[in-house]
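Notes to accompany the following structure.
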């Protein structure tokens with residue numbers, strides 16, 4: 001932490017600033033110039049109340065020097081984290097992980113059918129929503145517990161680990177028992193109570209980036225889970241909100257690169273929600289892999305026009321198989337495999 | 001709902017589109033031109049699967065004509081809704097409601113002291129956080145249940161109704177018993193499980209706009225609460241996320257005007273969180289009242305430099321009293337009183 | 001300027017960093033700690049190539065401490081600048097300046113009629129577009145030189161100074177001769193060649209904020225004009241681009257407050273372009289004055305439904321007169337007059 | 001165009017709406033239902049004053065059905081446009097075009113050296129700024145005419161066509177004579193006077209997307225140039241402004257896909273300006289090609305730490321050569337070649 005004093009600070013103000021920093025547990029270096037006086041903190045500045053410091057008389061500005069996230073920070077954990085989605089399907093290593101399945105679980109036939117198709121095409125895990133976050137209270141809200149049961153059935157048939165979204169702390173215990181990877185949706189990225197409770201579970205957490213969350217806030221949400229004891233967090237870029245309306249959101253592939261540098265956690269990309277258009281999924285999946293994503297999460301539906309939600313962005317099992325073939329060709333060009 | 005057919009649609013495709021609309025419970029008007037064919041829905045189009053329709057072959061575009069929110073819509077409820085915050089303090093009528101208090105409850109002395117000061121200056125209700133949504137897991141998380149108890153004590157001393165933020169469905173029952181107005185923070189605006197449970201309570205809900213929520217999404221979140229049975233929703237504009245970094249967020253005062261036209265619900269403005277700078281609070285409060293807000297929610301702290309959170313945006317009781325005086329002068333110029 | 005060295009910097013790297021700073025004309029203070037080493041610049045750091053410095057081996061981060069704008073900076077010019085729009089109509093003092101008129105000049109009858117009406121209602125100056133920046137090449141592009149002549153005629157009849165937008169460096173000379181205040185539109189805020197040429201004129205420049213310009217970039221554009229020798233710049237907030245689509249843009253009234261603190265230049269607000277809806281103009285004008293704007297620029301058209309552009313956001317002369325009455329009542333509440 | 005009437009419209013209002021539409025040159029289909037009445041326009045609705053129509057009493061809403069851009073619209077020009085950058089270097093066909101060079105021309109040695117290096121590595125054209133749009137008037141503004149001369153010299157030595165940015169209409173004639181491709185920067189995307197004059201030149205125009213321009217506005221700016229007679233427009237995605245600050249801008253690769261569907265014009269991607277960080281260029285270049293870009297424009301500097309501008313985002317000739325090798329491997333995976 002660096003503190004710049006105002007031009008006309010008094011000796012008393014300087015001492016007060018130093019005392020406030022020292023109370024936070026750091027040693028203070030004072031660098032007095034004829035025009036500018038700078039205070040530098042030696043040691044962990046996390047204990048300093050930055051707002052208090054910035055409000056002191058005589059203080060012009062307080063600048064943070066180190067990242068506020070620790071456990072997710074690559075500086076303190078240089079090697080890539082590799083996470084087992086269940087049954088040996090890894091994410092974060094050389095092999096790409098592809099999670100596929102419908103937006104919502106709709107029936108046994110549907111989810112088992114899609115699971116078999118995506119397994120056949122090489123998917124690592126099955127996704128499917130049982131509890132759905134819908135903008136409208138009048139829209140289909142998901143099958144709930146029945147959906148979880150059908151996912152378990154699809155897992156029994158195919159062996160694919162299952163990934164599904166949690167929407168309430170009420171379900172944490174049940175999810176921990178029943179599913180393989182617990183997804184936190186974009187709208188709940190800063191539902192801190194949920195994050196804290198997930199930090200006490202033993203299952204991998206797929207943490208989607210919030211619609212308007214900065215990369216730092218995203219990593220801080222991962223930090224909530226990790227600080228609770230669960231270090232198995234998979235980050236998921238799914239598009240951010242911008243002024244552009246042609247796509248549902250704006251897929252931020254540079255965030256993938258950024259996060260891979262700042263953090264050791266694996267990152268997957270969701271091109272389906274980012275773009276909101278099925279015809280964009282193939283190309284944006286290829287771009288995501290080229291950008292360095294560790295995997296993808298893709299909406300696949302047996303009958304998109306009759307999907308109970310997100311039909312417009314779902315591809316068919318045939319399109320998924322075709323896409324997997326293309327990714328298999330592309331992956332080695334960027335040092336990966338599928 | 002209006003459907004535009006593609007130029008080269010077939011008779012079969014037209015029939016399929018009409019059948020899909022009729023299956024949603026509407027009568028369909030067909031308007032065939034030499035170049036453009038338009039289908040118009042008569043009746044409530046809420047039952048139509050818009051995505052299915054838009055994915056049909058032969059369909060170029062589907063356009064919604066009516067708003068998706070009903071209970072919060074002024075069209076079906078022309079008169080302003082007036083809500084009692086508790087003890088007769090109203091929001092939504094001619095008199096402005098001003099909710100004031102510290103970001104966090106920190107001690108008995110602090111919260112009771114601030115409560116007495118803001119009461120004295122004319123505040124309608126006391127705010128104070130007991131459960132705090134903090135970006136960092138390492139930051140002060142609030143006093144929790146103890147904070148609620150101290151708020152109750154401040155209420156006992158001053159008679160002010162208390163407004164505080166809920167962060168988890170686990171606390172709904174306790175909040176309903178203990179507090180007067182339950183606040184939903186910006187980060188939980190689309191925590192739909194929480195909204196649903198609050199829809200079953202009997203307390204007014206102060207619903208903050210999400211950081212990147214459109215006005216329509218905000219009203220849809222109000223709709224979640226109202227659809228559950230609790231129609232006492234107070235909307236709160238608190239700034240949206242934009243590219244500008246000088247202010248913490250960008251206060252969108254035109255949203256106040258917009259919401260007053262689209263909905264009958266009362267709207268208050270939070271200039272403290274919007275700007276993040278105490279010196280901006282006075283002017284932005286005056287602007288909010290001029291824009292037509294039904295009230296304000298303002299952070300007031302006895303000792304901002306030592307506040308455990310948000311000190312930089314808190315004003316002192318003296319500044320608050322001064323502000324109230326200025327608002328008392330301004331209000332009549334826009335047909336309000338304080 | 002403050003430079004933070006990497007943890008493992010070498011002595012040679014430190015010397016290189018110091019030399020690079022000294023080459024920029026500053027004295028360097030070195031503050032060596034056991035973990036962190038900080039270099040502070042004494043003196044004007046404008047001569048330092050910040051990018052070069054940040055790319056040096058051993059350098060972790062370079063942080064600017066002072067604002068990059070000088071002539072527009074209140075630090076070096078504490079008093080408010082007051083600018084004469086022409087004929088003694090001032091902007092920047094206690095009295096509010098209201099500039100009013102149609103989006104486009106359409107005919108002699110129209111512009112003279114509107115000019116007389118707004119003059120009658122108390123406007124300080126007449127606005128009217130002769131050269132129009134339209135998104136579509138197929139839309140009405142303005143009357144060009146004929147529009148300028150009609151504005152001059154309206155000025156002759158009413159005595160109101162005229163404000164109109166320049167779109168090309170080709171017209172700088174003509175504008176300097178013919179109009180009173182030269183407007184730079186939002187889309188040209190960073191048309192640096194135009195700004196430079198305007199810096200050599202003697203007329204006040206009304207500089208609109210770009211659609212996605214930060215406050216700092218806006219002040220830097222003012223700096224371009226002022227650095228050229230013309231210090232009479234009037235800033236105009238007219239809404240920024242955000243994700244919200246209900247309003248044409250999002251009016252950022254906190255920017256008015258911010259700019260008044262950072263700079264001595266006067267600031268006016270354009271609620272017409274910001275909101276894009278005539279029914280919002282009255283309330284947002286009142287809010288702008290309450291926020292501290294030095295004036296307003298408002299679109300007034302004799303027959304909005306038949307306006308050649310921006311009819312939806314234009315108010316009628318009657319509505320304008322009514323608005324002026326309301327502003328006259330409001331202004332004293334915030335220490336202004338009209 | 002589709003018009004929805006208000007519920008309680010009168011017969012006279014209906015007739016007025018129909019007359020207004022007919023005056024715009026279309027035939028009107030009326031579809032009267034018991035609750036909703038819809039008017040549909042047959043024929044080219046470009047002549048209708050949409051704002052006038054929307055302001056008529058009795059009219060609820062006016063919705064545009066067709067895109068406002070014609071010449072750039074793929075609907076009326078299904079085949080991809082292929083443009084010769086000069087000397088047979090094509091963009092828009094199967095072969096990727098890579099434009100490379102320094103941000104600014106700094107000296108003969110520098111520009112000729114970089115030109116030779118990028119030519120050797122397989123670049124299609126040389127970029128280099130002679131007139132620089134800088135946020136600060138105190139920053140290096142480019143070498144101006146001398147820079148153009150040095151670019152011509154580099155072309156003479158290498159045979160590479162030269163691409164450079166125009167900042168003022170004053171230079172249109174000179175640029176047409178001296179350079180091969182005229183670049184319009186992001187800040188000038190809606191400098192309509194410049195676009196109009198470029199529409200009369202015979203040189204290809206590289207049109208960068210504005211920092212906050214929608215895809216539709218971008219195509220409308222292309223339309224300005226094309227409507228003037230110059231149909232050789234190359235679009236360039238270079239990142240948009242969002243709330244994220246880790247990267248300089250947010251590269252919107254889905255816009256590449258979108259534009260390829262909406263328009264027949266070629267699209268290239270500028271990863272250097274989008275990200276602002278040299279270490280991101282390789283991966284984002286690969287992602288851009290995977291997404292379907294027709295080419296790239298990349299900043300290459302012989303000595304990035306001493307570059308007069310944008311050093312932080314420039315790669316070295318060695319890194320460029322390495323990148324070209326990687327793109328050569330990747331391109332065939334997405335049906336392209338280099």
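Protein chains in written order, with the UniProt record's numbering: chain A, 1 to 338; chain B, 1 to 338; chain C, 1 to 338; chain D, 1 to 338.
Built from N, CA and C at the ideal position, the CB exists for glycine as well.
_Straight-line Cα distance separating residue 57 (chain D) from residue 305 (chain C)_ = By one-based count along the third chain, residue 305 (chain C) stands at place 305. By one-based count along the fourth chain, residue 57 (chain D) stands at place 57. In this structure, the straight-line span from the alpha carbon of residue 305 (chain C) to that of residue 57 (chain D) is close to 10 angstroms.
*asked:* Going by DSSP, what residue range makes up the beta strand (DSSP E) through residue 219 (chain A)?
replied: On the first chain, residue 219 (chain A) is found 219 positions in, with the first residue counted as 1. Under the DSSP assignment, residue 219 (chain A) falls outside any beta strand (DSSP E), being part of the alpha helix (DSSP H) whose first and last residues are 215 to 227.
_Helix, strand or coil at residue 84 (chain B) according to DSSP, with G and I counted as helix_ = Here residue 84 (chain B) is taken as the residue at index 84 of the second chain, counted from 1. In this structure, residue 84 (chain B) counts as strand in the three-state DSSP scheme.
*So does the region 32 to 45 of chain D actually touch the region 223 to 230 of chain D, counting three or more Cβ pairs closer than 8 angstroms?*
Contact between the region 32 to 45 of chain D and the region 223 to 230 of chain D is absent, because fewer than three Cβ pairs lie under 8 angstroms.
*Specify, as a first and last residue, the run of the beta strand (DSSP E) that residue 297 (chain D) falls within.*
Along the fourth chain, read from residue 1 onward, the residue named residue 297 (chain D) stands at position 297. Residues 295 to 299.
*Count the other CB atoms, across all protein chains shown, that sit within 10 Å of the CB of residue 79 (chain C); report buried if there are 16 or more and exposed otherwise.*
Your numbering for residue 79 (chain C) matches position 79 in the third chain. Its Cβ having fewer than 16 others within 10 Å, residue 79 (chain C) is exposed.
*For residue 146 (chain A) and residue 109 (chain A), the rounded distance between their alpha carbons*: Residue 109 (chain A) sits at position 109 when you count from the first residue of the first chain. Residue 146 (chain A) sits at position 146 when you count from the first residue of the first chain. If you draw a straight line from the Cα of residue 109 (chain A) to the Cα of residue 146 (chain A), it comes to about 13 angstroms.
_C-beta atoms of residue 199 (chain B) and residue 230 (chain B) nearer than 8 angstroms_ = Indexing the second chain from 1 puts residue 199 (chain B) at position 199. Indexing the second chain from 1 puts residue 230 (chain B) at position 230. In contact: residue 199 (chain B) and residue 230 (chain B) (Cβ atoms closer than 8 angstroms).
_Sequence ranges, beta strand (DSSP E) only - wholly within the region 41 to 81 of chain B, length at least 3_ = Qualifying beta strand (DSSP E) stretches, in chain order: 59 to 63.
*Would you say residue 217 (chain B) faces chain F, with C-beta separation under 8 angstroms as the test?*
No chain F appears in this structure, whose protein chains are A, B, C and D.
_For the pair the region 23 to 35 of chain C and the region 316 to 326 of chain B, tell me if three or more CB-CB distances fall below 8 angstroms._
Touching, no.
*Compute the distance between the beta-carbons of residue 140 (chain C) and residue 165 (chain C), then report whether it is under 8 angstroms.*
Residue 140 (chain C) sits at position 140 when you count from the first residue of the third chain. Residue 165 (chain C) sits at position 165 when you count from the first residue of the third chain. In this structure, residue 165 (chain C) does not lie closer than 8 angstroms to residue 140 (chain C) by Cβ.
*Locate the beta strand (DSSP E) running through residue 248 (chain C), then write down its first and last residues.*
For this step, residue 248 (chain C) is matched to residue 248 along the third chain. From DSSP, residue 248 (chain C) is part of no beta strand (DSSP E); its letter is neither H nor E.
_I believe residue 243 (chain D) touches residue 258 (chain A) by the beta-carbon criterion, under 8 angstroms. Please report the beta-carbon distance rounded to the nearest angstrom._
Counting from one through the fourth chain, the residue named residue 243 (chain D) turns up at place 243. Counting from one through the first chain, the residue named residue 258 (chain A) turns up at place 258. Contact between residue 243 (chain D) and residue 258 (chain A) is ruled out by a C-beta separation of about 14 angstroms, above the 8 angstroms threshold.
_Check for me: the beta strand (DSSP E) holding residue 98 (chain B) runs from which residue to which?_
For the purposes of this step, residue 98 (chain B) is taken as residue 98 along the second chain, with counting starting at 1. Boundaries of the beta strand (DSSP E) harbouring residue 98 (chain B): 97 to 101, taken from the DSSP string.
*Would you list the residues sitting across from residue 4 (chain C) in a DSSP beta bridge?*
For the purposes of this step, residue 4 (chain C) is taken as the residue at position 4 of the third chain. Beta-bridge annotation (DSSP): residue 4 (chain C) is paired with C:38 and C:61.
_Would residue 342 (chain D) and residue 89 (chain D) qualify as a contact pair, given that the criterion is a beta-carbon distance under 8 angstroms?_
Beyond the ends of chain D as shown, which are 1 and 338, falls residue 342 (chain D); an answer cannot be given.
*Sort out for me which residues DSSP pairs residue 206 (chain B) with in a bridge.*
If you number the second chain from 1, residue 206 (chain B) lands on position 206. In the DSSP assignment, residue 206 (chain B) is bridged to B:183 and B:234.
*How big is the Cα-Cα spacing for residue 118 (chain D) and residue 193 (chain C)?*
Sequence index remark: in the fourth chain, residue 118 (chain D) carries index 118 (1-based). Sequence index remark: in the third chain, residue 193 (chain C) carries index 193 (1-based). The alpha-carbon separation between residue 118 (chain D) and residue 193 (chain C) amounts to approximately 31 angstroms.
*Using beta-carbon positions only, say whether residue 104 (chain C) and residue 68 (chain D) come within less than 8 angstroms of one another.*
Stepping through the third chain from its first residue, residue 104 (chain C) is reached at position 104. Stepping through the fourth chain from its first residue, residue 68 (chain D) is reached at position 68. Remark: C-beta atoms of residue 104 (chain C) and residue 68 (chain D) do not approach each other more closely than 8 angstroms.
*Nearest-angstrom Cα distance between residue 112 (chain D) and residue 180 (chain D)?*
Taking the first residue of the fourth chain as 1, we reach residue 112 (chain D) at position 112. Taking the first residue of the fourth chain as 1, we reach residue 180 (chain D) at position 180. Between residue 112 (chain D) and residue 180 (chain D), the C-alpha separation is close to 17 angstroms.
*Please list, in chain order, all residues of the same chain as residue 77 (chain B) whose beta carbon is under 7 angstroms from its beta carbon, the five residues on each side excluded.*
Working through the second chain from its first residue, we reach residue 77 (chain B) at position 77. The residues are 264.
*Within 8 angstroms (strictly less), CB to CB, does residue 320 (chain D) reach chain C?*
Numbered from 1 along the fourth chain, position 320 holds the residue referred to as residue 320 (chain D). Output row for residue 320 (chain D): interface = no.
*Flag this pair as yes or no: are the beta carbons of residue 254 (chain A) and residue 178 (chain D) separated by less than 8 angstroms?*
Working through the first chain from its first residue, we reach residue 254 (chain A) at position 254. Working through the fourth chain from its first residue, we reach residue 178 (chain D) at position 178. Between residue 254 (chain A) and residue 178 (chain D), the CB-CB gap reaches or exceeds 8 angstroms.
*asked:* Can you tell me whether residue 26 (chain C) is helix, strand or coil according to DSSP?
replied: For the purposes of this step, residue 26 (chain C) is taken as residue 26 along the third chain, with counting starting at 1. Three-state DSSP puts residue 26 (chain C) in coil, outside helix and strand.
*Bridge-paired residues (DSSP) for residue 268 (chain B)*: Sequence index remark: in the second chain, residue 268 (chain B) carries index 268 (1-based). Answer is B:236 and B:295.
_Using the three-state DSSP reduction, which class does residue 104 (chain B) fall into: helix, strand or coil?_
Taking the second chain and counting its residues from 1, one reaches residue 104 (chain B) at position 104. Look at residue 104 (chain B) here: in three-state DSSP terms it is strand.
_Within chain D, the residues that residue 54 (chain C) reaches when beta carbons sit closer than 7 angstroms_ = Your numbering for residue 54 (chain C) matches position 54 in the third chain. What residue 54 (chain C) touches in chain D: 312.
*asked:* Assuming residue 302 (chain D) and residue 114 (chain D) are in contact, meaning their beta carbons sit under 8 angstroms apart, how far apart are those beta carbons, in whole angstroms?
replied: Within the fourth chain, the letter at position 302 stands for residue 302 (chain D). Within the fourth chain, the letter at position 114 stands for residue 114 (chain D). With 8 angstroms as the limit, residue 302 (chain D) and residue 114 (chain D) qualify as a contact, their Cβ atoms being about 6 angstroms apart.
_Just checking: is the beta-carbon of residue 18 (chain D) within a distance shorter than 8 angstroms of some beta-carbon in chain B?_
Within the fourth chain, the letter at position 18 stands for residue 18 (chain D). No, residue 18 (chain D) lies away from the interface with chain B (no Cβ there is under 8 angstroms from its Cβ).
_Simplified DSSP state of residue 323 (chain A), which is helix, strand or coil_ = What you label residue 323 (chain A) is simply residue 323 of the first chain in a count that begins at 1. In the structure shown, the three-state DSSP call for residue 323 (chain A) is helix.
*asked:* Less than 8 angstroms between the beta carbons of residue 172 (chain A) and residue 201 (chain A), yes or no?
replied: Stepping through the first chain from its first residue, residue 172 (chain A) is reached at position 172. Stepping through the first chain from its first residue, residue 201 (chain A) is reached at position 201. Closer than 8 angstroms, so yes.
*asked:* Taking its Cβ as the centre, do 16 or more other Cβ atoms sit within 10 Å of residue 340 (chain A), making it buried, or is it exposed?
replied: The requested residue 340 (chain A) does not occur in the structure, where chain A is confined to residues 1 to 338.
*Which one or two residues does DSSP pair with residue 377 (chain C) in a beta bridge?*
The question about residue 377 (chain C) has no answer, for chain C in this structure spans 1 to 338.
*Please say whether residue 268 (chain C) and residue 82 (chain C) have beta carbons closer to each other than 8 angstroms?*
Position 82 of the third chain, counted from the start, is the residue given in the question as residue 82 (chain C). Position 268 of the third chain, counted from the start, is the residue given in the question as residue 268 (chain C). A distance of 8 angstroms or more separates the beta carbons of residue 82 (chain C) and residue 268 (chain C).
*asked:* By alpha-carbon positions, which one of B:102, B:308, B:55 and B:126 ends up nearest to residue 87 (chain B)?
replied: Counting from one through the second chain, the residue named residue 87 (chain B) turns up at place 87. Here the closest residue by C-alpha is B:126.
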